[in-house]
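Novice:
And the structure:
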């Protein structure tokens, strides 16, 4: 759904779509009409937003990313990736009208570079936030060297429920206005040095929502500006990519990867490679609980919908990840509650999320990483199952309940349990296999197991034949198998080791009849989850088949070779 615009404006902007200048026709004085960034633009795919006749309603999400142990709470406000963004030279002005209710703090975000969410960690790049909180104008600036603002300022007082804000970008100064009055000037520190601005909005305080009634942009003086909509999702394709080789096998399999909505819409090389090479995608983060239900009963499906739309546009299947996990939970879901309420929270979440995507995804990771890392859980009666908030409330039967609820919510999806560190022999695999036998005996509707195959150190390397034995053991239970999240971190000069590990696991999947897909956990080191976040900005890892510049590594060519060989080694 889009906000309505006039035919004249639509035609004019269409004529200028490929040009560098805006449909505003060049420069305009401060306070001029500028370009309307709401009317006719896509705000319906922006998390927490709802277009209305009076503007865009912004609902408070309180979306944050917790650390693996549940501590912390790194802010994670949404970006309107499928809406308009600006490309400009020189000076420009942005005007907004904020209408607040119930004391809601209202914030407009202007991103010079869109943030990058790695595996449950947000790299806050350059941008500013301007808004009204407690009757004052609040300004924050991020310089790209920390997830905390480099500059925080407050200006004015007594601002009312409806406030007109303006930001003039004048060289390396940002001039701030409230209700027509200049309230402050702050150094820009080249925050918009790339000549682009993406938009976001968020709500805070005790209120629930506010309305963005107007949003306009205009060049100043000799400034130049164009307004760009999000790129189309469909990627032109050849017929010689990994996905094509996998589809041409006598028993076709799916070639997949984990994707994020951010770079999919802001990085053309990422989008092109993803659509060209892969026939299945796994949402890296956007289906996880702290991303999709940040407040109880408040859902943010928009980024997940974007991934589903991308898959649909490019003939890909979606392997949805994940419904029940002990990590990536919002703080409210971790709060103390009765066992019965805990069960209710879990089943309501499954019904809402799986129900929203019903019929749009092929597969679900219903239960993620149920096996314990603690030796005591293999001797204390837990039978190797991890003790966490779901287990404490329902025992091992939390898995039975989760799978049955998922089956009811999305009857035609294939349902998986997903686990790491079970590709090799040992007590962890033995405990998982015993668990699967128990689940099958109880009639739990589990269809398969995903083997993550994260290899971060030499001790993580697994012989493909050991992996093959696990896949065949699952076949004996009537279960499917898949490689679900593979990445291989290596030292300098070990690219051939990496290539052999990728190719060896893919060869097993190709050759074993119950192995249905092979997926990597991302595909380019530029956005890989093994980035070193001790540095800011993070230093890329090297665990994936493409490097940060999208150059194919030996691992990529080894994957192609693995798809081009028959089981006996002869050519196809």
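Residue numbers (my numbering): 2 to 573. Where a beta carbon is used, it is the ideal one built from N, C-alpha and C, also for glycine. Fair warning: this is a prediction, and the values are worked out from it, not measured in the lab.
(1) Where does residue 533 fall in DSSP's three states?
(2) Please work out which residues of its chain come closer than 7 Å, Cβ to Cβ, to residue 48, disregarding the five sequence neighbours upstream and downstream, and give them in chain order.
(3) Give the DSSP bridge partners of residue 520, in chain order.
(4) By how many angstroms is the C-alpha of residue 246 removed from the C-alpha of residue 298?
(5) What residues match up with residue 217 in a beta bridge as DSSP calls it?
(6) So, at 8 Å on beta carbons, what are the nonlocal neighbours of residue 294 in its own chain, with the 5 sequence-adjacent residues on each side left out?
(7) According to the Cβ coordinates, are residue 197 and residue 187 closer than 9 Å?
(8) Check whether the region 90-98 touches the region 207-222, taking contact to mean three or more Cβ pairs, one atom from each stretch, closer than 8 Å.
(9) Assign residue 558 to one of two classes, buried (16 or more other C-beta atoms within 10 Å of its C-beta) or exposed (fewer than that).
(10) Using the C-alpha atoms, what's the distance from residue 86 back to residue 265?
(11) Which same chain residues, not among the five before or five after residue 445, have their C-beta less than 8 Å away from its C-beta?
(12) Taking all protein chains shown into account, decide if residue 27 is buried (16 or more other Cβ within 10 angstroms of its Cβ) or exposed.
(13) Under the DSSP definition of a beta bridge, which residues are partnered with residue 318?
(14) Can you grab the Cα-Cα spacing for the pair residue 259 / residue 488, in whole Å?
(15) For residue 103, which three-state DSSP category applies?
(16) Are there 16 or more other CB atoms within 10 angstroms of the CB of residue 119, so buried, or fewer, so exposed?
(17) Please state whether DSSP places residue 358 in a helix, a strand or coil.
(18) How many angstroms separate the CA atom of residue 531 from the CA atom of residue 490?
(19) For residue 462 and residue 372, which I take to be in contact (beta-carbon distance under 8 Å), what is that distance rounded to the nearest angstrom?
(20) Rounded to whole angstroms, what is the Cα-Cα separation between residue 230 and residue 536?
(21) Grab me the residues of residue 159's own chain with a C-beta within less than 6 Å of its C-beta, minus the 5 sequence neighbours each way, in chain order.
(22) Rounded to whole angstroms, what is the Cα-Cα separation between residue 501 and residue 556?
(23) Could you check the C-alpha separation between residue 518 and residue 201 for me, to the nearest Å?
(24) Please name the residue or residues paired with residue 418 in a DSSP beta bridge.
(25) Is the beta carbon of residue 366 closer than 9 Å to that of residue 434?
(26) Any idea which residues DSSP pairs residue 52 with across the strands?
(27) Checking the sheet assignment: what are the DSSP bridge partners for residue 144?
(28) Considering only heavy atoms of the ligand NAD, does any lie closer than 8 Å to the CB of residue 48?
(29) Just confirm the distance between the C-beta atoms of residue 291 and residue 329, as a whole number of angstroms; I'd bet it's less than 8 Å.
(30) So residue 99 and residue 211 are supposed to be a Cβ contact under 8 Å. How far apart are they, rounded?
Specialist: Let's see:
(1) In the structure shown, residue 533 sits in a strand (DSSP, three-state: E or B).
(2) Contacts found: 62, 79, 301, 303 and 304.
(3) For residue 520, which the question treats as bridged, DSSP gives the partners 257.
(4) A straight-line Cα-Cα distance of about 43 Å links residue 298 and residue 246.
(5) For residue 217, which the question treats as bridged, DSSP gives the partners 37 and 96.
(6) Around residue 294, the same chain offers 300, 301, 331, 334, 350, 353 and 354 as residues with beta carbons nearer than 8 Å, after the five sequence neighbours per side are excluded.
(7) With a cutoff of 9 Å on beta-carbon distance, residue 197 and residue 187 are scored as not near each other.
(8) Yes, the region 90-98 touches the region 207-222.
(9) With fewer than 16 other Cβ atoms within 10 Å, it is exposed.
(10) Taking the CA atoms as reference points, residue 265 sits about 15 Å from residue 86.
(11) The answer, listed in chain order, is 400, 401, 404 and 405.
(12) The pLDDT assigned to residue 27 is 38, lower than 50, so where the model puts this residue is not dependable, and the model offers no usable value.
(13) Here residue 318 is bridged, per DSSP, to 281.
(14) Straight-line Cα distance between these residues: approximately 11 Å.
(15) Residue state, collapsed to three classes: coil.
(16) Answer is buried; the Cβ neighbour count reaches 16.
(17) Residue state, collapsed to three classes: coil.
(18) One C-alpha to the other measures close to 8 Å.
(19) About 20 Å separates the beta carbons of residue 462 and residue 372, which is beyond the 8 Å limit, so they are not a contact pair.
(20) Looking at the two C-alpha atoms, the distance is approximately 33 Å.
(21) Once the five neighbours on either side are set aside, the close Cβ partners of residue 159 are 136.
(22) CA-to-CA, the gap between residue 501 and residue 556 works out to about 7 Å.
(23) The straight-line gap from Cα to Cα measures roughly 36 Å.
(24) Residue 418 is bridged to 368 and 450.
(25) Contact flag unset, no.
(26) The beta-bridge partner set that DSSP reports for residue 52 consists of 57.
(27) Answer is 127, bridged to residue 144.
(28) Summarising the ligand content, the structure contains no ligands, and the ligand NAD is consequently not present.
(29) That belief holds up - the Cβ atoms of residue 291 and residue 329 are roughly 5 Å apart, short of 8 Å.
(30) Contact holds; Cβ gap of about 6 Å.
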